[in-house]
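Participant: Residue numbers (this note's numbering), protein chains in the order written: chain C, 1 to 808; chain D, 1001 to 1324. Quick one: this structure, given as structure tokens, is what I'll be asking you about.
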Amino acid sequence: MNEHRHIGSRIPRPDSADKIGGRALYVSDITRPGMLHGAIRFSDHAHARIVRVDTSRAEKVPGVRAVITAADVPEIRIGMLGDNPVLKGDVVRQFRDEIAAVAAVDPETARAAADLIEVEYEPLPAVFDPHEALDPEAVLVHETDPRGRPLSSNLIPLPCRHDSGDVDAARAASAHVVEGTWTLPRIQQASLGTSGCIAEFDLNGNLTVTAKTQIPFLAQKDFNKAMTALGLDGRNVRVRVPAVGGAFGSGLDTHVYEYVSILLAWKTGKPVRIVYDRHEEFAYLSPRQSAEITIAQGCDERGRLTFRDVDVLQDNGAYVSWGATYPNVMLPTATSLYRVPNVRFNSRIVYTNNTYCQAMRGYGNPEITWAIESSLDDLARRAGIDPVRMRLINCNEPGEPTPMGLKINTCGLRECLEQTARSLDGAGGSGDGDAHAGDSGDGHGDRRRRGRGISGLINVGGGGKIYRSDGSGIILKLDDFGHVNVFYGGVEMGQGLHSALTLMVAEAVGVSPDQVIINPTDTAYSPWDVGTHASRGAFMAGNAAVLAAAKLRKSIFARAEELYPDLVARNLAAMGEGDCDYDYRSVTADMLDLVDGEIFPTDAADQPWLRVPLEKFLRAAHFARQGGDGTIFIEEAFYEPPTDLPDWAEGIGNMSAAYMFGAQGVEVEVDEDTGEVHILRLVAVTDVGRVLSRQALEGQMYGGIVQGIGYALYENIRSEQGRILNPGFTDYKMPSAADLDFPIELDFVETDEPNGPFGAKGAGEAGMVPTAPAVANAVYDAIGVRIRDLPITPEKVLAALARRDPEE
Amino acid sequence: MTLRLPLFEYRTPTSLAEAVAILSDSDGGAVIAGGGTDLFPKMKRRQTTPTTVVSLSAIPELSGIEIDSEGNCRLGASTPVAAVAASELVPAVVAAAAAEIASPQIRNTATLGGNLCLDTRCNYIDMPELWREASGHCLKDGGDTCWVAPRGDRCWAISSTDLAPVVIALNGTLRLVGPRGERETPAEALYRNDGIDYHDRSDDEILTQVMLPPFGGRATYRKLRRRGSIDFPLVGVAAAAHLDDRGTVGSIRLVVGAVASAPLRATAAEEFLVGRQLTDEVIEEAARLASHHVRPQDNTDTGSRYRKWMTPVFVTRALQDLRA
């Protein structure tokens, strides 16, 4: 099936050696001459008026170079709605609100001084529950909008709705209907590398920010606002991306700490670095937001879905970042996962005095999939239909339009579901809640029950248009030695983008992968890219690379028409050959090919003296003998996918150029004494269009699945009156290696997506999307109780068992 | 950058006498570090800000495991937890419990004495200073309110040592050395059910040795934790018993850890079990007796009711182990 030389291979990642060997430079490794360290003074209240800020003690600390408050610096308002002032002067609306900041000669001094800043507050009533926040009498988190116009509600004015067909009539006519409310907690991206940046100005007022970001170009635009505020309009902002130790969505917006670094650098004239420690990462960075999803689904007697009715309520927290657009990414799944003719989707997202939320892998899709796929199992049981069959009956097919208007070119969902179910069945042993005795030999195996569950998924696989451009540029520059230097604006943050891009450039240009050099992302020389998110990196980079490579090959072959005969003649001389039969002096551009760094005529590929190394050709072209007309090869391309920016109020639009599908199946063992859920095996079959870098793809899938298991069974940012109770790895429970002691079986379905580079679709988020409902469905299968609230903790399982067996 | 160590003096005395002298001269400003895996995070969070940290790592006689002429197993307090876990000289239950502490990296650094002297833990105290200041300092933090049980007047921080229940179940003795000389105490007597004053040990006393008498019976340790690695116990049950040929309990010591501010001897259950065979019915009643007075609070990552529910389950599992 694979006609490619490099696509689908398993070469090691180009970035892995330096990362493993400690050579890669993350923000925390980078220092600049004269660099100062910044620290932020955060709020002590969830909602309060600031009465007084006294920085006098902090200013007296030896080593402190600047202390700033809202009174000392121009106001900069950040966020999609501009509702978040960088330094808060009047009111704090969440515990992490930034009131003041310090720059000092070392991090300890900066921190100690920031702690000495005295803030006097007048506490205000606060609201932490999104339902209460919607009460007409509720405290307003924001009394005015950024322009000073009074607000009357905590509801954020970002409508996202859909209503197609006739949901009420379809519901009335359904043979079976299930309805329920499904909830998910706030969880953390928990990147290994914490957040940070270095801001520095040159003496002309140009700003360079070294930032852990996924959006260097949107960040550049955001930071221009700071430049305007500082009176530096028109000066340049350069954003450089160092090695990034994971981001998972946390780098999708600019953060207050970045503006604080800019302000401190501006104030002191020195580079200023802020790097969060783990506590700050947990307590002062935006997590994935919680969700409450009420869903009703129905089917006819034959199990065909009749309608889906979804109502989403989300707790945005105190300020609007991209987290507020989760419903936009729920919409494709709500309308288009399985064939459902009548769909209603309504969403509300509200301000509270909790921490404000941000993007994380899957961006609303794991949430809506949790509700749909769990509810679908309930519906299947209600209808007396096997859950896998239920899904197959309603399976999406290629080319079928969906209520949202998604154009699904390729769809491997049926194959993914069937193969996942087959693999799970192939396991043998018991299922369906059979008691499983005696495996542990410790005398209480009889209270363990096994069960299996499955879940499907749809995810954007060709970008996700939520901005006016969803495009990516690329520059391919050949050097004199046959290397292809790649300049791309997307971010390698550990996901393997550079692995996939290396293979695609090698394949598309015709060089070997080790001749491809991917350069660090830098707005100074990388072409524009909207950001690395929505599983779009490899898809966009690859499409841009294919366009640029075609131009590059055309230029090479055009120039080779002239230079090739002499180069072959030199070959023949070097090899001690006389003339040859082949008429190499009449070769034209269209007769030439370039494969693995050698130029040769396609009709005589096997004659060694006709093969000209690319680097020899490049030097011959560059250093032209007669002077004056040397040639170098640099080509660019900008790929804009054929998608629509949806009309969110109507919920219509083809937001992605491709859709990826998949299924996960899980077998669990539930201990009815302790409520513990132990996963025995997990099967994931995913339609990725085409495997690009097998190693990177498998890494992405394993990582996503483990995050999905964390979401399903462990993770939860607990808070009390807006204060986070578990801001560290001791108490924020991510699964440890010992909890992942089961096989994860991966397989891929290749549907050859016409819009994808080499047929590939984006795959970065997929692993996490269906894991939690698959686990919950397996738990139901094992013990007959339905957990509707993530994570599925032992305590919730036992409480549900107590309701199942009230007399026990 | 909130979590940085404060400045302090670091001392590495090479003899016990020197260590005692540093501690008694410091006027309470010096603290002992075993491996430091409990102490240093607390210092980063400013739960304690000692002027001097006294490492015991350079005192040779505090490290090592040996069997003395009377068959007692003597363990130096500075012995790494990993060495205890790997030792063939210690009773198997001690090695097994040690192997369930934290993670491999922490076990390499943490010491036996450090685990036995582990500070009590609570959601509200194990937080950075600014967090605690913003919420108002709790009783253990020098404040006047317990955030776990605001109407009460005591601290409910949890005894989270895995080894103390085991050492108590094996009737171990501890040796302590201080400026007033040396003393020995039953391990059980070291612990107080008070989250603040959880030790009967003065600041200048050093735990030097654990002595476990010869034990020919059956013993077990059952630990509940949220994850298979890293986590502190939510419930830990140690049991050590002598059974006769017919399985009748001749003697038993049953200790429940991590549900109070001290490891709790389940004496009512012990008395009930003596003279009985470990049938399912007997175990059920013993589990009830060992658990009914246990009152875990809502100060771990799980709700209090879960630990309450799990106490009899884990007592049952421990007693089933003895029967097996």
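Just so it is clear, CB atoms sit at the ideal spot from N, CA and C, and this is done for glycine as well. Quick caveat, the model's predicted, so the values are computed rather than measured.
Residues in the region 774–800 of chain C with C-beta within 9 angstroms of chain D's C-beta atoms, listed in sequence order?
Facilitator: Under the 9 angstroms Cβ criterion, the region 774–800 of chain C contributes Thr793, Pro794, Glu795, Leu798 and Ala799.
Participant: Please state if the CB of Thr521/C and the CB of Val241/C are separated by a distance shorter than 7 angstroms.
Facilitator: Yes; because the gap between Cβ atoms is below 7 angstroms, this pair is in contact.
Participant: Should Asp480/C go down as buried or exposed, given a rule of 16 or more other Cβ atoms within 10 Å for buried?
Facilitator: When all chains shown are included, Asp480/C counts as exposed.
Participant: DSSP state of Arg335/C, grouped into three classes?
Facilitator: A small correction: the amino acid at residue 335/C is Thr; Arg does not occupy that position in the sequence shown. Three-state result, Thr335/C: helix.
Participant: Listed from N- to C-terminal order along the chain, which residues in the region 1089–1117 of chain D have their beta-carbon within a distance smaller than 9 angstroms of any beta-carbon of chain C?
Facilitator: Residues passing the 9 angstroms Cβ filter: Ser1103.
Participant: Could you pull the DSSP bridge partners for Asp789/C from this structure?
Facilitator: The partner list for Asp789/C (beta bridge, DSSP) reads Thr183/C.
Participant: Within 7 angstroms of any Cβ in chain C, is that where the Cβ of Pro1128/D sits?
Facilitator: Interface residue, yes.
Participant: Could you tell me which chain D residues have their CB closer than 8 angstroms to the CB of Leu725/C, listed as they occur along the chain?
Facilitator: Per Cβ cutoff of 8 angstroms: Asn1123.
Participant: Between Arg611/C and the rest of its own chain, which residues show a CB-CB distance below 6 angstroms, the 5 nearest in sequence each way excluded?
Facilitator: If we look at Arg611/C and ignore the five residues flanking it on each side, its Cβ neighbours are Glu598 and Phe600.
Participant: At 9 angstroms on the CB atoms, spell out the chain D contacts of Thr55/C, in chain order.
Facilitator: Near Thr55/C there are no residues of chain D at all, since even the closest Cβ is about 16 angstroms away, more than 9 angstroms.
Participant: Please state whether the Cβ-Cβ distance between Leu264/C and Glu292/C is less than 7 angstroms.
Facilitator: No, the pair does not count as a contact, with Cβ atoms beyond the cut-off.
Participant: Tell me the residue span of the beta strand (DSSP E) that contains Ser347/C.
Facilitator: First-last of the beta strand (DSSP E) with Ser347/C: Asn342 to Tyr351.
Participant: At a CB-CB cut-off below 7 angstroms, which residues of chain C make contact with Val1313/D?
Facilitator: Neighbours of Val1313/D on chain C, chain order: Asp673 and Thr674.
Participant: Could you name the residues of chain C that Ile1230/D contacts, counting a contact when the two beta carbons are closer than 7 angstroms?
Facilitator: Those are Ser736, listed as they occur along chain C.
Participant: Assuming Ile295/C contacts Ser375/C (C-beta within less than 8 angstroms), just tell me the rounded distance between them.
Facilitator: Right, their Cβ atoms sit about 5 angstroms apart.
Participant: For Gly441/C, collect the residues of the same chain with a Cβ closer than 6 angstroms to its Cβ; drop the 5 residues on either side in sequence, then sort them by chain order.
Facilitator: Residue confidence is low: Gly441/C scores 42 on pLDDT, short of 50, so the model does not pin down where it sits. Its coordinate-derived value is still stated next. No residues qualify anywhere along the chain.
Participant: How about Gly1303/D and Glu795/C: do their beta carbons lie closer than 7 angstroms?
Facilitator: Result yes, Cβ atoms of Gly1303/D and Glu795/C sit closer than 7 angstroms.
Participant: Using a Cβ-Cβ cutoff of less than 8 angstroms, which residues in the same chain neighbour Gly578/C once the five nearest sequence positions on both sides are dropped?
Facilitator: Excluding residues within five positions, the ones whose Cβ falls inside 8 angstroms are Leu572.
Participant: So, does the CB of Ala1134/D fall closer than 7 angstroms to a CB anywhere in chain C?
Facilitator: Cβ-Cβ to chain C under 7 angstroms: yes for Ala1134/D.
Participant: Quick one: what's got a C-beta closer than 6 angstroms to Ala658/C's C-beta in the same chain, skipping five residues either side?
Facilitator: Hits under 6 angstroms: Gly461, Gly462, Glu753, Asn755, Gly756 and Lys761.
Participant: Is the region 338–347 of chain C touching the region 309–328 of chain C, taking contact as three or more C-beta pairs under 8 angstroms?
Facilitator: Yes, they touch.
Participant: Exposed or buried, which one is Ser290/C when buried takes at least 16 other CB atoms within 10 Å?
Facilitator: By the 10 Å Cβ count, Ser290/C comes out buried.
Participant: Taking only beta-carbon positions, decide if Gly1178/D is within less than 7 angstroms of chain C.
Facilitator: No, Gly1178/D lies away from the interface with chain C (no Cβ there is under 7 angstroms from its Cβ).
Participant: Identify each residue in the region 95–124 of chain C for which the Cβ-Cβ distance to at least one residue of chain D is less than 8 angstroms, and report them in chain order.
Facilitator: Flagged, chain order: Phe95, Pro107, Glu108, Ala110, Arg111 and Asp115.
Participant: Taking the alpha-carbon of Ala1157/D as reference, which of Gln1297/D, Thr1316/D and Leu1163/D has the nearest alpha-carbon?
Facilitator: The shortest Cα separation from Ala1157/D among Gln1297/D, Thr1316/D and Leu1163/D belongs to Gln1297/D.
Participant: Assign Lys88/C to buried or exposed, taking buried as 16 or more other Cβ atoms, counted over all protein chains shown, within 10 Å of its Cβ.
Facilitator: So Lys88/C ends up on the buried side.
Participant: Just list the residues that DSSP pairs Asn84/C with in beta bridges.
Facilitator: In DSSP, Asn84/C forms a bridge with Ile78/C.
Participant: Taking 7 angstroms as the CB-CB cut-off, is Tyr1221/D touching chain C?
Facilitator: Not one chain C Cβ lies under 7 angstroms of Tyr1221/D.
Participant: Does chain C have any CB closer than 7 angstroms to the CB of Asp1301/D?
Facilitator: Chain C, which has a Cβ nearer than 7 angstroms to the Cβ of Asp1301/D, makes this yes.
Participant: For His279/C, would you say it is in contact with chain D, using Cβ-to-Cβ distances shorter than 7 angstroms as the test?
Facilitator: Yes, its Cβ sits closer than 7 angstroms to a Cβ of chain D.
Participant: Between Ala58/C and Leu140/C, which are expected to be in contact by the criterion C-beta below 8 angstroms, what is the C-beta distance as a whole number of angstroms?
Facilitator: Their Cβ separation, rounded to whole angstroms, is 32 angstroms, which puts Ala58/C and Leu140/C out of contact at 8 angstroms.
Participant: By alpha-carbon positions, which one of Ala738/C, Asn654/C and Asp629/C ends up nearest to Ile679/C?
Facilitator: Residue Ala738/C is the option with its Cα nearest to Ile679/C.
Participant: Got a sec? Which residues, its chain only, sit under 7 angstroms from Leu406/C by beta carbon, not counting five neighbours each side?
Facilitator: Once the five neighbours on either side are set aside, the close Cβ partners of Leu406/C are Pro332, Ser336, Asn654 and Tyr659.
Participant: Please confirm if Tyr1306/D has its CB atom under 7 angstroms from at least one CB of chain C.
Facilitator: So, interface residue.
Participant: Bridge partners for Val685/C per DSSP, in chain order?
Facilitator: Note: Val685/C sits in a beta bridge opposite Ala663/C and Asp747/C.
Participant: Grab me the residues of Pro341/C's own chain with a C-beta within less than 6 angstroms of its C-beta, minus the 5 sequence neighbours each way, in chain order.
Facilitator: Result list for Pro341/C: Gly165, in chain order.
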